[in-house]
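Report on one structure; see the data block that follows.
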Amino acid sequence: MKSLSARRAVAGISLGALAGLGLVCVPTAAHAAVETAGIGSYASMSGGGCPGDDYYNDEDFVPWSDNGVPVTKTSSMSGTFTGGEGDTVGAKTSTAATINSTPLGSGPATITGTSAATASVAPSGEQTACDVRAETMALARGAFTLTQPTWVSVTASGHGQRQGRSFGTSMVGIGNADEFGTSLESLFLFGGDALMVAAGDRGSATSSTLLQPGKYVVALGSLAHARTFTYVDEEIDPQRTAASASYSGDFRIEFSKPGTASPVTGKGASKVQFGERDCASGNIAVNLSKKTVKKAKRVAVRINGAKGPVLKGKKLKGKHPKAKTISVPTSITGTVKVKVKVMLANGRRVQATRSYLPCK
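Residue numbers for the sequence shown follow my numbering, beginning at 11 and rising by one.
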């Protein structure tokens, strides 16, 4: 999955700058699966013919590891550009990013993160003769290896504000390191099989896929760009004015083994025990304790809303009530929701529900 808005936005950042934020070798803890992991920032400002504080900053990455310890990095810069008499433009940028990860590579894991980027250009008057540009990006990235097929779910939520000639976005993505390498421009710009979610100006988005064993790159971040001029019908607009962009995002990446089950929900959760999903057959065991069988009048199973096994009367209790196991058949290729409805002898009805990820 790729976001067109994200690709357009990122295209405003030079490839050279992004490449500088790519491969950074960072030593990690001995247990850690994550490699070349760090939080960095890129920022630049230029006056477009007006002298001033031209600036380019490709900051060193601060290392992070998949040890459950959050790591944060912030940055800021400002400058002033001078044109004719009384014509000045102030430019500012700032970034902040945080990432936290549980151990990656061989089992369930979670990466959470936040990022924010702001950029602004502000003339001293209503207009300016200066073509001033300010752009910045905050990002966290790292490479990791999966040793078995793994479901990954990527979620981004964010908020953006723009004024004048500006753009930005917040995004999170995962791509195969063998295809994309470890540089971010290929992951964010060229797409391919990358799984990427962009929050855009506002709202949220989620996407999931099953990753095969291999080495992957994960990246999250926000960018902002502001400029005093734009093009109108392929000509430079002489009305150069103030501009600003502010974008922030919250990200969550969850890794789960195929067939992983959700928590059990419903008032009947204490009366039903759901087994794991057998990824060879697809079957799911639903266990009823002796106490539940003794108190139940009827037990019905539904699979993705469709009718499943039903137990009542002698089929439920037999000669003497005893614990029972119901084998629930499912397809191994789809997400499955199993709902168990229990009608008790006293007329009360309760139910319990559990969902399972596909096995492949």
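For each residue, glycine too, the CB sits at the ideal point set by N, CA and C.
Residue burial classification, residue i (beta-carbon count within 10 angstroms, cutoff 16)
i	result
E286	exposed
R212	exposed
V79	exposed
R143	buried
P37	With a pLDDT of 37 at P37, under the threshold of 50, the modelled position of that residue is not reliable, and the figure given next carries that caveat. So P37 ends up on the exposed side.
D76	buried
D70	exposed
T179	buried
T363	buried
G278	buried
K281	buried
K324	exposed
A148	buried
G315	exposed
R175	buried
G224	exposed
T343	exposed
A43	buried
T105	buried
A236	buried
K332	exposed
G183	buried
Where residue i sits in the DSSP three-state scheme
i	result
A187	helix
K307	strand
P368	coil
G323	helix
K351	strand
A279	helix
K83	strand
K329	coil
D363	According to the sequence provided, residue 363 is Thr. The question's Asp does not apply to it. Three-state DSSP puts T363 in a strand.
K301	helix
G173	According to the sequence as given, residue 173 is Gln; it is not Gly. Strand at Q173.
T335	strand
N293	coil
R358	coil
G231	strand
T216	strand
K267	coil
P73	strand
Pairwise C-alpha distance: residue j and residue i
i	j	result
G284	V303	It should be noted that the sequence gives Phe, not Gly, for residue 284. So the alpha carbons of these two residues sit roughly 15 Å apart.
A234	P73	23 Å
G202	K83	At G202 the pLDDT is 46, less than 50, meaning the model places this residue with poor confidence and gives no usable figure here.
T138	G96	10 Å
D188	A101	39 Å
S86	S337	60 Å
A306	P319	15 Å
M55	S134	17 Å
A255	Y52	16 Å
K347	M353	20 Å
G93	T219	52 Å
A127	Q361	47 Å
S291	I49	43 Å
V99	G59	12 Å
T46	S258	24 Å
L156	D260	24 Å
T90	G62	6 Å
D228	E264	Before going further, note that residue 228 is Val rather than Asp in the sequence given. Near 12 Å, if we compare the C-alpha coordinates of E264 and V228.
H169	L367	30 Å
A355	V309	11 Å
G210	G357	51 Å
P339	K322	19 Å
A295	I313	13 Å
P1	A132	What the structure shows of the chain is the stretch from 11 to 370, and residue 1 is not part of that stretch, so it cannot be assessed.
N67	I109	21 Å
T112	T122	9 Å
S88	T103	6 Å
E136	Q173	14 Å
V81	V274	33 Å
Supposed close pair residue i, residue j - CB separation, criterion 8 Å
i	j	result
D141	T251	Not really, about 12 Å apart at Cβ, beyond 8 Å.
A129	T146	5 Å
A150	L230	5 Å
S214	A166	6 Å
S217	V164	5 Å
S272	S365	4 Å
M276	C369	Inspection of the sequence shows that residue 276 is occupied by Gly rather than by Met. With a Cβ gap of about 24 Å, G276 and C369 do not count as contacting.
L114	V162	Contact flag wrong, Cβ pair sits at about 11 Å.
Y125	A107	First, the residue type needs correcting, since residue 125 is Ser and not Tyr in the sequence shown. Right, the Cβ-Cβ distance comes to about 4 Å (below 8 Å), so this counts as a contact.
T335	N293	Actually they are not in contact, since the Cβ atoms of T335 and N293 sit about 11 Å apart, beyond 8 Å.
CB contact check: residue i to chain D, cutoff 8 Å
i	result
R212	Here chain D cannot be found, since the structure has a single protein chain.
Counting only runs that start and end within the segment 80-164, where is the alpha helix (DSSP H) found for 4 or more residues in a row?
-> The qualifying runs do not exist here; there are none.
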